[in-house]
Amino acid sequence: MGTPSLIKIFQTLEKAYPSPRGWPHGEWPLSGEFRPRRLEVVVGAVLTQNVNWKNVEKVLTRMIEEQLVEADRIKRCPQAFLENTIRSAGFYRQKAKRLKGITQFILAYPGEFYSEVGREELLSIPGIGPETADSILLYACDRPHFVVDAYTRRLFTRYGFLNPKASYQEVQQLFESHLPADVPLYKRFHALIVEHAKQVCRKTPICKDCVFQEECEYRPAER
Ligand code: SF4
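Numbered by the numbering used here, the letters in the sequence shown go through residues 81 to 303 in order.
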């Protein structure tokens, strides 16, 4: 599959979903209550690990109520208090540690975190894996890192674009080598993939309603 095909998939999704729910223009949904605003992306990227976004929204609301909206406050508040506040995000002990770890990292960062932090630096923080790091880099730092999540893998493996055994890095390189390094495009594409995976290319896909049913390689017997 060449560049035009991946761009064509993007354009087809754009037509199918003119405004993906909750992701205006592909941007990360922000309440605007965190300081700086970008911190909400960092916090959300940690909270959303292994849990659906609805739970994350509830937890973000709780954090705002408790004034845990600045890196310094998150880092300084008692561990048990943070755990209790984020309890409905699941794995709350682990995630509280991760939030403390990344806010500590932001506060100690020698330069301007959002414009200077590198991918390897993020990956060196305990609990920050490639998907979380790339979400932070794309949505909080506005840098062209394509985010590979479970929805991306599911849709594009079925479609025939991905080898199901490919590593995160391999999948990311495949996308990045077939697309221009364009931040708004990456953001919008990711939002459209999530929308399509939630609406049609679900765990049990509804292929009869899919805009890709002609070209998708998913075996017809399974449709
Ligand atoms: S045709 Fe079916 S499997 Fe293929 S992308 Fe569409 S919903 Fe997913």
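Positions of the beta carbon are idealized from the N, C-alpha and C atoms, including for glycine. Please read these numbers as outputs of a predicted model, since none were measured by experiment.
CB of residue i within 7 angstroms of CB of residue j, strictly
{"i": "A151", "j": "T183", "result": "yes"}
{"i": "L217", "j": "I208", "result": "no"}
{"i": "R268", "j": "G112", "result": "no"}
{"i": "E211", "j": "D229", "result": "yes"}
{"i": "A220", "j": "V123", "result": "no"}
{"i": "G170", "j": "V131", "result": "yes"}
{"i": "P274", "j": "Y239", "result": "Strictly speaking, residue 274 in this sequence is Val, with Pro absent from that position. Their beta carbons are not under 7 angstroms apart, which means V274 does not touch Y239 by this criterion."}
{"i": "Q252", "j": "F236", "result": "no"}
{"i": "A261", "j": "P224", "result": "yes"}
{"i": "V149", "j": "R178", "result": "no"}
{"i": "H258", "j": "L86", "result": "yes"}
Reference residue i, options the options, closest by Cα
{"i": "F90", "options": "Q147, N135, Q159 and L265", "result": "L265"}
{"i": "A176", "options": "V139, V197 and E192", "result": "V139"}
{"i": "A160", "options": "S168, V149 and R173", "result": "R173"}
{"i": "R167", "options": "G191, E137, Q249 and I186", "result": "E137"}
{"i": "G102", "options": "G191, E295, K278 and K288", "result": "K278"}
{"i": "Q249", "options": "E145, E200 and C296", "result": "E200"}
Segment limits, alpha helix (DSSP H) that includes residue i
{"i": "D214", "result": "P210 to S215"}
{"i": "S99", "result": "It is not in any alpha helix (DSSP H) - S99 carries neither H nor E in the DSSP assignment."}
{"i": "S247", "result": "Run containing S247: none; DSSP gives neither H nor E here."}
{"i": "P264", "result": "V263 to Q279"}
{"i": "L202", "result": "R199 to L203"}
{"i": "I21", "result": "No information on residue 21 is available, as it lies outside the stretch 81 to 303 that the chain covers here."}
{"i": "D229", "result": "Premise fails: D229 is in no alpha helix (DSSP H) and is neither H nor E."}
Exposure of residue i, with buried meaning 16 or more beta-carbon neighbours within 10 Å
{"i": "F292", "result": "buried"}
{"i": "R282", "result": "exposed"}
{"i": "C290", "result": "buried"}
{"i": "R118", "result": "buried"}
{"i": "K206", "result": "Note on residue identity: the sequence assigns Pro, not Lys, to residue 206. So P206 counts as exposed."}
{"i": "D214", "result": "buried"}
{"i": "K95", "result": "exposed"}
{"i": "I154", "result": "buried"}
{"i": "P84", "result": "Low confidence applies to P84: its pLDDT is 49, below 50, so where it sits in the model is not reliable, and the reading given next is rough at best. By the neighbour-count rule (16 or more Cβ atoms within 10 Å), P84 is not buried but exposed."}
{"i": "A271", "result": "buried"}
{"i": "E120", "result": "buried"}
{"i": "T165", "result": "buried"}
{"i": "R299", "result": "exposed"}
{"i": "P100", "result": "buried"}
{"i": "A188", "result": "exposed"}
{"i": "G82", "result": "In this predicted model, G82 has a pLDDT of only 49, less than 50, meaning its place in the structure is not dependable enough to derive any value."}
Note to self: If you measure from each CB to the nearest heavy atom of the ligand SF4 and keep those under 5 angstroms, what residues do you get, in chain order?
What the structure shows: R238, V280, C281, P285, C287, C290, F292, Q293, C296 and Y298
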